[in-house]
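Q: This is the structure, below, for whatever I ask next.
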Amino acid sequence: MKYDQARWTHDADGDRDSTDDQYEPLLSEKNTEEVAVDSALPEDLTRDSIELPDLSEPELARHYTRLSQMNYGVDSGPYPLGSCTMKYNPKFTEDVAALPSAAVHPDRSDRSVQGTLALMAGLQDYLARIGGMDAVSLQPPAGAAGEFTGILVAKAFHEANGEGETRDEIIVPDSAHGTNFASAALAGYEVVELPSGEDGRVDLEALEAAASDRTALFMLTNPNTLGLFERDIEEVADIVHDAGGLLYYDGANLNALLGQARPGDMGFDIMHYNVHKTFATPHGGGGPGAGPVGVVSDLAEFLPAPRVREVEASDGEKGYERFDPENSVGKVHGFEGNWLVLVKTYAYIARLGDEGLRDASAKAVLNANYLASQIGYDIPFGPFHHEFVASAGDQDAADVAKRMLDYGVHPPTTKWPEIVPEALMTEPTEIESKETLDQLADAFDAVADEDDETLEAAPNRTTARRIDQTSAARNLRLSWQALDAED
Amino acid sequence: MSGRNERGSPYAPHTDAETEAMLSAVGVGGVDDLFDIPESVAFDGEFGIESRGEREAERHVGSLLARNDDHTEFLGRGHYAHYVPSLVDHISQRSEFLTSYTQYQPEITQGFLQALFEYQSMLVELTGLEIVNASMYDHATALAEAALLAARVRAVDGDRVLVPEYLLDRRRDVLENYTDGAGLSVETYGTDDANVDPDALADAIDDEVAMVYAESPTTRGTVEEHLDAVGDLADDHGALFCLGSDPVALSVLQEPASVGADVVVGDAAALGLPTAYGMGLGLFACREDFVRQVPGRLVGASEDDAERRAYTLTLQTREQHIRRERATSNICTNQAWVALRTAIHAAYLGPGGLVDLANDCVGLAADLADRLDSITGVRAPVHDRHHFREFVAHTDQPARAVAEDLEAEGFAVHAVGEHEVQVCITDANEHAADEFVAAFEEVA
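Protein chains in written order, with my numbering: chain A, 1 to 487; chain B, 1001 to 1444.
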């Protein structure tokens, strides 16, 4: 692949390597203005002055347009970032989220926002069907917030059974997303790390040994982060349930299963949905996402308040209202979560329907397996679902990633999970064509043949050359004020 | 449906011939052979969700949302609407921004990193604190993270968090949910006429207090007049002082650092987002010495191999993907795109525009309170304080009835007590002030 990312530093002779110029200068370097604060409020309650950039609209339009050109998104090219499910975000969902009717204040009365509530009720229903769950809350504003919410629900369940004090452990596989560990700790639980079995899956004997009357929850993603389906999932569920614990489904990898299997049918009691992954809502450079939580019927009474339900008005018309579940854990967001993301999620699911969702998973799995079959790096374990973890072997996976940038692709996730040495975790998703996958495989193979010197010198065709992470952390400069102080 | 993929995902580009070629390269007969799912848990049912063309899907969602009444909102109470300049929508929708992931490969995501660095910098100016993270979910979750930070950084042990009486229930609820696991207890201190009562706070505080929280403007729209006292009391007892505010208010109000605030939280989406049914942007700022205990992402300046300035995520060893259960927070996906919108909106206004907007929030609220006060049976504002954007009005009629009658006239307000309504006015709804006053006169 041929590739050059924008870099706004060419001099008149076209020299890209000139070190005289900086990249697009900061707003503060263009035109900073200090204005005195003059207010109707008493002087002792107000500040004296404020200093911020002062630019015209055309100047700002160019500034941010240039910044956008120095940024890489799914619309820029392949983005096979493992476990992140970077798929194409359809554009029409932006249009519906931008409708004036979508912009209402969260304290409006239920009867005046029947459209908003109808969409929420509809999305709760869609997600419940897709996950095989009985009840869904849309409130958590991200996947990790969904995990935390699910744990609060499990805690409330155990407390209601008089086991709130004694069930103080959460079991997490060593290959799990870091958020699982952090969410469990945030909720006050001890984390019991479960080592993977030799085939990269849950080791039933180890789970048997770890599960006890202290187990509140076992958090698992299926397929797991190695892209492997946990074939023994029914035995796993039995072990956890027999110990009196609950089984939690981390929805980060749900894109591999749509219409093929449902967490509820596998014995999971609680799950979250990463709608920005599975349902193609844009990641927005790191958020917002949304992390709705689904539960089986026994746990519905503990979900965050409020939820939305259908009601029948006295005139027989159908309507919707917010309600607080009976033993709700309360709130996990100040209002009702990331609403605009939920609108896009609903629109995406309404577009694809049964056939589209099933096909999305089928093609995602086909793409992962095809790409895995085409590249030279060692790929342990298998067969794969939506992603695979290749090993860069003697090469440094981080250097491999930097070099792949020169081939015009966003690289895989590197060095994780740690059970594969120099891991390159790759997830092409369903949106890449065979042609693009072949180009991706060529990039992998080209880099595999290159020497360490070449890799360490990369990247060369991106806005910035290799960035010094160590000095960024050692000499912290987190604002333009800090830069100024240094000058 | 149309397109190359007649019966499936419209966004999967495979032709039948390509699918066949790929299957044969993998060495299987069909896609089903790739799924390694035991039959006992395989799903062979239907979701019962119709597949639609884009036009049908768009019309379907549009017609659902069209069921919302087109009312003019005079609502606030922790969630504010300002006019969002068109530039914010157009630029933030550029797909290089919108469709990118977290900047784990900084060399190829300099644009977003610089925008976030600029967001951090503008909030450093507004708060006077040195550290601003690249966003939390919203005001409530940022407040909760502040309490957890306080528990981590405080030299002496102490598990009490003090919050004012006026704190919104929903914020308190989130705070309690987040801090329960750390064993913190959330307790209330007294207020006086919608401001902090320094004597009540002095009675409540002791050396077991990890954090004292106050807001300005407060939930009832008043400008807090005792921030210095709060800062001093917190300091005397070694507690952190956390202030809740927002970037518009901070453009004119006392600089938080100057009154002793150690942490500032709030909803920065007051700039950048429309009402969006409560979607927000958690602002989180703190003193420099807490930098290694800050939750969330930080963007820092560095250099690249060619010795040119470049930006990168930094101090990632605090974060969940590295530190796991010992991370400073479980936050991963945050509100980066909203922070981009906030930065564009703030830059669009510039320092003069921000101050003007903030002054309007003072002037418009005072004017509207005056006009409502002149209506028989209405007294406004209830609190003899300075107000920002909103105020509470007393009505002789039951507040709920007033709110419902106003709704019938196309206006939304909060009923906050038996005879109290709360009214919020900004540049987003001031055009409707005359009609609103006329309607109020009719129903009060």
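Don't be surprised by glycine CBs; every beta carbon is placed ideally from N, CA and C.
Find the nearest neighbour of residue 1288 (chain B) within the set A:393, A:482, A:355, judged by alpha-carbon distance.
A: Residue 1288 (chain B) sits at position 288 when you count from the first residue of the second sequence. Comparing Cα positions, the closest option is A:482.
Q: How far does the alpha helix (DSSP H) with residue 374 (chain A) in it reach, from first residue to last?
A: Reading the first sequence from its first residue, position 374 is the one you call residue 374 (chain A). Secondary structure note for residue 374 (chain A): its alpha helix (DSSP H) is the uninterrupted segment 339-374.
Q: Would you kindly work out how many angstroms separate the C-alpha atoms of residue 248 (chain A) and residue 427 (chain A), rounded to a whole number?
A: On the first sequence, position 248 is the one that residue 248 (chain A) refers to. On the first sequence, position 427 is the one that residue 427 (chain A) refers to. Straight-line Cα distance between these residues: approximately 23 Å.
Q: Within a Cβ cutoff of 7 Å, which residues of the same chain sit near residue 1375 (chain B), ignoring the five residues on either side of it in sequence?
A: For the purposes of this step, residue 1375 (chain B) is taken as the residue at position 375 of the second sequence. Around residue 1375 (chain B): 1440, 1441, 1444.
Q: Who are the near neighbours of residue 280 (chain A) in its chain, counting only those whose CB is closer than 6 Å to its CB and skipping five residues on each side?
A: If you number the first sequence from 1, residue 280 (chain A) lands on position 280. These residues qualify, in order along the chain: 87, 89, 348.
Q: Specify the secondary structure class of residue 267 (chain A) as computed by DSSP and reduced to three states.
A: As a working mapping, residue 267 (chain A) is identified with position 267 in the first sequence. The answer is coil: DSSP assigns residue 267 (chain A) none of H, G, I, E or B.
Q: Once you ignore the five residues that flank residue 461 (chain A) on each side, which residues in its own chain have a CB closer than 6 Å to its CB?
A: Working through the first sequence from its first residue, we reach residue 461 (chain A) at position 461. Closer than 6 Å at the Cβ level, and outside the excluded window around residue 461 (chain A), lie 3, 4, 406.
Q: Nearer than 7 Å: is that true of the beta carbon of residue 473 (chain A) relative to any heavy atom of the ligand GDP?
A: No copy of the ligand GDP appears in this structure; indeed no ligand is present at all.
Q: Can you tell which of A:69, A:127, A:120, A:58 has its C-alpha closest to the C-alpha of residue 1100 (chain B)?
A: Indexing the second sequence from 1 puts residue 1100 (chain B) at position 100. If we check each option's Cα against that of residue 1100 (chain B), A:69 comes out closest.
Q: Answer yes or no: does any C-beta atom of chain A fall closer than 8 Å to that of residue 1073 (chain B)?
A: On the second sequence, residue 1073 (chain B) is found 73 positions in, with the first residue counted as 1. Answer yes: the Cβ-Cβ gap between residue 1073 (chain B) and chain A drops below 8 Å somewhere.
Q: Residue 362 (chain A) to residue 1033 (chain B), Cα distance in whole Å?
A: For the purposes of this step, residue 362 (chain A) is taken as residue 362 along the first sequence, with counting starting at 1. For the purposes of this step, residue 1033 (chain B) is taken as residue 33 along the second sequence, with counting starting at 1. Spanning the two alpha carbons is a distance of roughly 10 Å.
Q: Please confirm whether residue 519 (chain A) and residue 424 (chain A) have their CB atoms less than 8 Å apart.
A: Limits of chain A in this structure are 1 at one end and 487 at the other, which puts residue 519 (chain A) out of reach.
Q: Quick check on the burial criterion: 16 or more other C-beta atoms within 10 angstroms. Buried or exposed for residue 1208 (chain B)?
A: Taking the first residue of the second sequence as position 1, residue 1208 (chain B) is located at position 208. With fewer than 16 other Cβ atoms within 10 Å, it is exposed.
Q: Residues of chain A with CB under 7 Å from residue 1335 (chain B), in chain order?
A: Counting from one through the second sequence, the residue named residue 1335 (chain B) turns up at place 335. Chain A residues near residue 1335 (chain B): 287, 288.
Q: Provide the residue(s) that pair with residue 378 (chain A) in DSSP beta bridges, ordered along the chain.
A: As a working note, residue 378 (chain A) is residue 378 in the first sequence. Per DSSP, A:391.
Q: Residues of chain A with a CB under 7 Å from the CB of residue 1069 (chain B): which are they?
A: Along the second sequence, one-based indexing puts residue 1069 (chain B) at 69. Residues of chain A passing the Cβ test: 112.
Q: Could you pull out every unbroken alpha helix (DSSP H) segment of at least 4 residues lying fully inside the region 37-66 of chain A, listed in chain order?
A: Qualifying alpha helix (DSSP H) stretches: none in this window.
Q: Could you check what DSSP says for residue 1001 (chain B) in three-state terms: helix, strand or coil?
A: Numbered from 1 along the second sequence, position 1 holds the residue referred to as residue 1001 (chain B). In this prediction, residue 1001 (chain B) has a pLDDT of 38, which is less than 50 and means its spatial position is unreliable; what the coordinates show is noted afterwards. Here residue 1001 (chain B) sits in coil by DSSP.
Q: Run down chain A in chain order and give the residues with a C-beta less than 8 Å from the C-beta of residue 1138 (chain B).
A: Translated into the one-based positions of the second sequence, residue 1138 (chain B) becomes position 138. Correct list: 141, 333, 334, 335.
Q: Are any of the Cβ atoms in chain B nearer than 8 Å to that of residue 215 (chain A)?
A: In the first sequence, the residue the question calls residue 215 (chain A) occupies position 215. Taking Cβ atoms only, chain B never reaches closer than 8 Å to residue 215 (chain A), which makes this a no.
Q: Does the beta-carbon distance from residue 1091 (chain B) to residue 354 (chain A) come in below 8 Å?
A: Taking the first residue of the second sequence as 1, we reach residue 1091 (chain B) at position 91. Taking the first residue of the first sequence as 1, we reach residue 354 (chain A) at position 354. No, the pair does not count as a contact, with Cβ atoms beyond the cut-off.
Q: Taking just the CA atoms, how far does residue 1109 (chain B) sit from residue 72 (chain A)?
A: Position 72 of the first sequence, counted from the start, is the residue given in the question as residue 72 (chain A). Position 109 of the second sequence, counted from the start, is the residue given in the question as residue 1109 (chain B). Taking the straight line from one Cα to the other gives about 6 Å.
Q: Looking at the secondary structure, which residues open and close the alpha helix (DSSP H) in which residue 1321 (chain B) lies?
A: Here residue 1321 (chain B) corresponds to residue number 321 of the second sequence, with the count starting at 1. From DSSP, the alpha helix (DSSP H) with residue 1321 (chain B) extends over 1320-1323.
Q: Hey, does residue 1327 (chain B) have any beta-carbon neighbour from chain A nearer than 8 Å?
A: Here residue 1327 (chain B) is taken as the residue at index 327 of the second sequence, counted from 1. Output row for residue 1327 (chain B): interface = yes.
Q: Would you please verify whether the beta carbon of residue 1305 (chain B) is less than 8 Å from any beta carbon of chain A?
A: Position 305 of the second sequence holds residue 1305 (chain B). For residue 1305 (chain B), the nearest beta carbon of chain A is closer than 8 Å to its own beta carbon.
Q: Under 8 Å, Cβ to Cβ, is there at least one residue of chain A near residue 1002 (chain B)?
A: The residue given as residue 1002 (chain B) occupies position 2 in the second sequence. The predicted position of residue 1002 (chain B) is uncertain, since its pLDDT is 39 and thus under 50; no value can be drawn from it.
Q: Three-state secondary structure (DSSP) at residue 1124 (chain B)?
A: Translated into the one-based positions of the second sequence, residue 1124 (chain B) becomes position 124. Helix, per DSSP.
Q: Which chain B residues are close to residue 434 (chain A), counting only those with a beta carbon under 8 Å from its beta carbon?
A: Counting from one through the first sequence, the residue named residue 434 (chain A) turns up at place 434. Correct list: 1014, 1018, 1021, 1022.
Q: For the region 134-152 of chain A and the region 282-297 of chain A, state whether three or more C-beta atom pairs, one from each stretch, are separated by less than 8 Å.
A: yes
Q: Check this for me: beta carbons of residue 1174 (chain B) and residue 245 (chain A), under 8 Å apart or not?
A: In the second sequence, the residue the question calls residue 1174 (chain B) occupies position 174. In the first sequence, the residue the question calls residue 245 (chain A) occupies position 245. Contact: no.
Q: Check whether the Cβ of residue 1160 (chain B) lies closer than 8 Å to any Cβ atom in chain A.
A: As a working note, residue 1160 (chain B) is residue 160 in the second sequence. Cβ-Cβ to chain A under 8 Å: no for residue 1160 (chain B).
Q: Helix, strand or coil for residue 27 (chain A), going by three-state DSSP, please let me know.
A: For the purposes of this step, residue 27 (chain A) is identified with residue 27 of the first sequence, where counting begins at 1. DSSP places residue 27 (chain A) in helix when its eight states are reduced to three.
Q: In chain order, what residues of the same chain lie with their CB nearer than 8 Å to the CB of residue 1229 (chain B), ignoring the 5 residues before and after it?
A: Taking the second sequence and counting its residues from 1, one reaches residue 1229 (chain B) at position 229. Cβ within range, chain order: 1196, 1198, 1201.
Q: Check whether chain A comes within 8 Å of residue 1164 (chain B), counting only Cβ atoms and requiring the distance to be less than that.
A: Your numbering for residue 1164 (chain B) matches position 164 in the second sequence. The C-beta of residue 1164 (chain B) comes no closer than 8 Å to any C-beta of chain A.
Q: Just the Cα atoms here: how many angstroms apart are residue 1146 (chain B) and residue 254 (chain A)?
A: As a working note, residue 1146 (chain B) is residue 146 in the second sequence. As a working note, residue 254 (chain A) is residue 254 in the first sequence. Their backbone Cα atoms lie some 33 Å apart in a straight line.
Q: Do residue 135 (chain A) and residue 297 (chain A) have their C-beta atoms closer together than 8 Å?
A: Locating residue 135 (chain A) in the first sequence gives position 135, counting from the first residue. Locating residue 297 (chain A) in the first sequence gives position 297, counting from the first residue. Yes, the pair counts as a contact, with Cβ atoms nearer than the cut-off.
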